[in-house]
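Numbering (this note's numbering), first residue to last: 935 to 1166.
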């Protein structure tokens, strides 16, 4: 099971989730890649940015890291090993790639490639399982649904705009006001925030249920898109 919010500038052109070839996922129409996707054969990849406001380089889009994996047939560990020496060519990222029964993780701000053991993980804009308030709050709220996934309830809990208290804010180099704005699971502002929420559930029979909740950035009303398919 995977539940995630995508936070992005409202002006950045985006296509909602759909099949593009063998890949199901949203698309970044400026960078050309995706932040999260799954294929008909069960390959899965998702990405978050690692927050480092000091890095103002012009670099390739990080979204290509997910789409390149999804379009390939290489083993996830092999893919990340090939990426490892080129990681610093991109701005900071966290990348998880795998398939329906294994998942591998790499950050270009981390030390090495990791195969993730079965379990529960939280990821925001720092390293995996960093104890940011939004990560800990999200894991606590989602815990009841890991044994019995409920996509609609998971999507509802992703719409949580409670901000962290000042004393628990991370220090990533932004102003205190910006850190506070970004400290909630669901982000709202005049120019940047949560654009969509996605829940992917794969059952024991390899049936995929993929739901994307797309938010209207004017009034934060939403509509859902749902896809179901059998892994080939």
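Note that beta-carbon positions come from the ideal geometry of N, C-alpha and C, so glycine has one too.
Looking at 1014, 1008, 1061, the one whose alpha-carbon comes closest to that of residue 1026 is 1061.
Per the C-alpha coordinates, the member of 974, 982, 986 positioned closest to residue 1161 is 974. DSSP places residue 1041 in the uninterrupted beta strand (DSSP E) bounded by 1036-1041.
Contact fails between the stretch 1036-1048 and the stretch 1093-1100, because fewer than three Cβ pairs, one in each stretch, are under 8 Å apart. Bridge pairing for residue 1152: absent [DSSP]. For a cut-off of 8 Å, the C-beta gap from residue 954 to residue 961 is around 7 Å, short enough to register as a contact. Pairing residue 1147 with residue 980, the inter-Cα distance amounts to about 17 Å. As the crow flies, the alpha-carbon of residue 1031 is around 17 Å from that of residue 1024.
Residue 1029 has its alpha-carbon roughly 24 Å from the corresponding atom of residue 1166. DSSP, reduced to helix, strand and coil, places residue 1049 within a strand of the structure shown. Cβ-Cβ distances below 8 Å link residue 1141 to 1162, 1163, 1164, 1165 in the same chain, with the five nearest sequence neighbours on each side left out; the list follows chain order.
The beta carbon of residue 1013 sits closer than 7 Å to those of 1003, 1006, 1031, all from its chain and outside the five residues before and after it, given in chain order.
A Cβ-Cβ separation of about 7 Å places residue 969 in contact with residue 1000 under the 8 Å criterion. By the neighbour-count definition (other C-beta atoms within 10 Å, threshold 16), residue 1110 is an exposed residue. Annotation for residue 1017: 999, 1029, 1040 place their beta carbon closer than 8 Å to its own, counting only its chain and skipping 5 residues before and after. The C-beta separation of residue 1155 from residue 940 comes to about 17 Å, leaving the pair out of contact by the 8 Å criterion. Approximately 5 Å separates the beta-carbon atoms of residue 937 and residue 1088; this is inside 8 Å, confirming the contact. For residue 935 and residue 1158, the gap between their C-alpha atoms comes out near 18 Å.
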